[in-house]
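Novice:
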Amino acid sequence: MKLGMVSLGCPKNLVDSEVMLGIIRDKNLEITNDPSEADIIIVNTCGFIESAKEESINTILQMAEYKEEGNCKYLLVTGCLGQRYADELFAELTEVDAIVGKDSFTDIGMVIDEVMAGKRLVHLEKGAPLTNQPRMLTTPNYMAYLKIAEGCDNCCSYCAIPQICGPYTSRPYEAVIAEAKELAASGIKEIIVVAQDTTRYGEDLYGKLMLPQLLKDLNELDGVEWIRVMYLYPNNFNDELIEAFATLDKVCKYIDIPLQHASDTLLSSMNRYDTKAEVEALLTKLRARIPEIVIRTTFIVGFPGETDEDFEILKDFVTAQRFENAGVFQYSQEEGTVAGAMPNQIPDEIKENRYHELMALQAEISEELHQEMEDKELTVVIEGFDEENPELGAARSYREAPEIDGNIFVENAGDLNIGDFVKVRILQGFTYEMVAERV
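Everything in the sequence shown is counted per our numbering, starting at 4 for the first residue and increasing by one.
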């Protein structure tokens, strides 16, 4: 029998999908990328915000059509949406044969056996602990994500993640290192460390923040070129961690730090742990200690009670800080969250206007910073080639995370292979991309 999987949402969810595929592969099921061929289809969903929920529902319905038009006999739903709305989905989507909770995905083999035996079920029981599981990588063969924790305790007032994924739970240090060694031995050149909050890693298990030590040990792995860290929250970004980024040669000088706003009034109502002044002090310290640092962040516009003055504070902050990259999200009112029940919800039209205004401001800054990179040299990894011009390679440097940031297009790259690391000189910078030549 053949099995197909659709993985939605964040890289953390992708790791869960890869673990499920590893478990399934051990059951001697053939994996296919073509859902029309699949006897079993799994949709690993995201349920974080409204747009993600809509995408998940639409994907489930699209996959359900293969029960009529393709080979599909069994349709399973896993992940965050299944965890959050199990009963509603099970009642309304009769095409779905099983719903597997976020904490139960390592039981996927058992659930497949149950549905193939004719059962229709919801399985939300706590699955295996955060020990290493078989894993089938779906990323390009030179990069992989390394998940170091589950859940979150930050309880930002707009966020449903603690309800869906539970409290912050670090994976045992030995398990993380063992998996990283396996990835390096398999030829992985870029390891991307992910968790809901990577800076908090180890505090729950060991009583101290362990990310600096983890980066030191990952830095010793043979064959690895880059170690990239995502989702670094500012409140635990201590001096030891700054030194790790500054001194470890394989750790990318790339900081992905979700700040969400700059108005102290809104930061407080968001239940964020930092003030604007504290964030500014951290950013100043990072740039002073690591001159080549690239900082990426995210902001929410249209949070309940956001005034014109609050938005002006945010724009002034973005103008002053000149982030290399920033993502902007319109606030999504989520049931069960503190912010979802707040008064002074912002009309959609105002959210939309503020979104476009802040994105336009950031686009100007990104273009200026990319133009300042002209004539500088960078090491890049080749990720693909232009269909119409195979001599033009698409690449990334330490400055760009996959699937999030822009590309560097490399001229005369036709003799290179995907996964090659080469040195280039930047010729021209644009808003989201740069053009380079090989050195």
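Where is the CB? At the ideal position from N, CA and C, for every residue including glycine.
Just so we're clear, the structure is a prediction, and the values are computed from it rather than from any experiment.
#1: In this structure, what does DSSP give as the bridge partners for residue 126?
#2: Could you tell me the alpha carbon to alpha carbon distance between residue 427 and residue 159, rounded to whole angstroms?
#3: If contacts are defined as beta-carbon pairs under 8 Å, then residue 172 and residue 207 qualify, I think. What distance do you get, rounded to the angstrom?
#4: Could you please give the first and the last residue of the uninterrupted alpha helix (DSSP H) stretch that includes residue 112?
#5: My understanding is that residue 222 touches residue 251, with C-beta atoms under 8 Å, so please give their C-beta distance in whole angstroms.
#6: Let me make sure I understand the geometry here. Which of 279, 311, 396, 273 has the alpha-carbon closest to that of residue 418?
#7: Whole angstroms is fine: what's the gap from residue 187's alpha carbon to residue 12's?
#8: Quick one: Cα of residue 197 to Cα of residue 74, how far?
#9: Any contact of the stretch 380-391 with the stretch 340-351, i.e. 3+ C-beta pairs under 8 Å?
#10: Going by DSSP, which residues form a beta bridge with residue 81?
#11: Helix, strand or coil: which one does DSSP assign to residue 267?
#12: Which whole-angstrom value is the C-beta distance of residue 43 and residue 6, which I expect to be below 8 Å?
#13: Is the beta carbon of residue 298 sitting closer than 8 Å to the one on residue 286?
#14: Note down, one range per segment and in chain order, each alpha helix (DSSP H) of at least 4 residues found wholly within the stretch 307-367.
#15: I'd like the list of long-range same chain contacts for residue 306, defined as Cβ closer than 6 Å, with 5 residues on each side in sequence excluded.
#16: Residue 380: which of 107, 399, 236 sits nearest, CA to CA?
#17: Helix, strand or coil for residue 242, going by three-state DSSP, please let me know.
#18: Going by CA-CA distance only, name the one from 236, 294, 153 that's closest to residue 278.
#19: If we count the other Cβ atoms within 10 Å of its Cβ and call it buried at 16 or more, is residue 154 buried or exposed?
#20: Just checking my contact of residue 18 with residue 150 at CB under 8 Å: how many whole Å lie between their CB atoms?
#21: State the beta-bridge partners of residue 70 as determined by DSSP.
#22: Please state if the CB of residue 146 and the CB of residue 191 are separated by a distance shorter than 8 Å.
#23: Could you tell me which residues DSSP pairs with residue 411 in its beta bridges?
#24: List the endpoints of the continuous beta strand (DSSP E) containing residue 257.
#25: Identify which residue in 139, 135, 292, 300 has its Cα closest to the Cα of residue 181.
#26: Considering only residues of the same chain and omitting the five flanking positions on each side of residue 376, which have a CB-CB separation below 7 Å?
#27: Give the single residue among 10, 28, 301, 72 whose Cα lies nearest to the Cα of residue 40.
#28: Can at least three beta-carbon pairs, one atom from the stretch 49-63 and one from the stretch 73-91, be found at a separation below 8 Å?
#29: How would you call residue 113, buried or exposed, if buried means at least 16 neighbouring beta carbons within 10 angstroms?
#30: Suppose the cutoff is 6 Å on Cβ atoms and the five residues either side in sequence are ignored; what does the same chain contact list for residue 329 look like?
#31: Is the distance from the Cβ of residue 361 to the Cβ of residue 302 below 8 Å?
#32: Can the beta-carbon of residue 195 be found closer than 8 Å to that of residue 248?
#33: Between which two residues does the beta strand (DSSP E) containing residue 230 stretch?
#34: How many angstroms separate the CA atom of residue 340 from the CA atom of residue 440?
#35: Would you call the CB atoms of residue 137 and residue 258 closer than 8 Å?
#36: Go through its chain and collect everything with a Cβ distance to residue 421's Cβ below 7 Å, but skip five positions before and after it.
Specialist: According to the structure shown:
#1: Note: residue 126 sits in a beta bridge opposite 103.
#2: If I take the Cα positions, the gap works out to 41 Å.
#3: Residue 207 and residue 172 do touch by the CB rule: their CB atoms are close to 6 Å apart, below 8 Å.
#4: Segment 111-119, the alpha helix (DSSP H) holding residue 112.
#5: Right, their Cβ atoms sit about 4 Å apart.
#6: Considering only alpha carbons, the answer is 396.
#7: Residue 187 and residue 12 have their C-alpha atoms spaced approximately 25 Å apart.
#8: Taken atom to atom, the span from the alpha-carbon of residue 197 to that of residue 74 is near 36 Å.
#9: Segments in contact, no.
#10: BP columns for residue 81 point to 47.
#11: Helix.
#12: Sure, about 4 Å apart at Cβ, within 8 Å.
#13: Yes.
#14: Uninterrupted alpha helix (DSSP H) stretches at least 4 residues long and entirely within the stretch 307-367 occur at 311-324, given in chain order.
#15: Result list for residue 306: 269, 334, in chain order.
#16: For residue 380, the nearest C-alpha among the options comes from 399.
#17: Three-state result, residue 242: helix.
#18: Ranked by how close their Cα comes to the Cα of residue 278, the residues 236, 294, 153 have 236 in first place.
#19: Under this definition residue 154 is a buried residue.
#20: That belief holds up - the Cβ atoms of residue 18 and residue 150 are roughly 4 Å apart, short of 8 Å.
#21: Here residue 70 is not bridged, per DSSP, to any residue.
#22: Yes. Within cutoff.
#23: Bridge partners of residue 411: 398, 437.
#24: Its beta strand (DSSP E) spans residues 257-259.
#25: The alpha carbon of residue 181 has as its nearest neighbour, out of 139, 135, 292, 300, the alpha carbon of 135.
#26: Same-chain partners within the cutoff: 429, 432, 437.
#27: Per the Cα distances, 72.
#28: By the criterion of at least three beta-carbon pairs nearer than 8 Å, the stretch 49-63 is in contact with the stretch 73-91.
#29: Answer is exposed; the Cβ neighbour count stays below 16.
#30: Residues 300, 365 of the same chain have their beta carbon placed closer than 6 Å to that of residue 329, with the five preceding and five following residues left out of the count.
#31: Yes, these two residues count as a Cβ contact at 8 Å.
#32: At least 8 Å separates the beta-carbon of residue 195 from that of residue 248.
#33: It spans 229-232 - the beta strand (DSSP E) in which residue 230 sits, taken as one unbroken run.
#34: About 49 Å.
#35: Taking 8 Å as the Cβ cut-off, residue 137 and residue 258 do not qualify as a contacting pair.
#36: Non-local beta-carbon contacts of residue 421 in its own chain, meaning distances under 7 Å to residues more than five positions away in sequence, involve 143, 385, 386, 387 in chain order.
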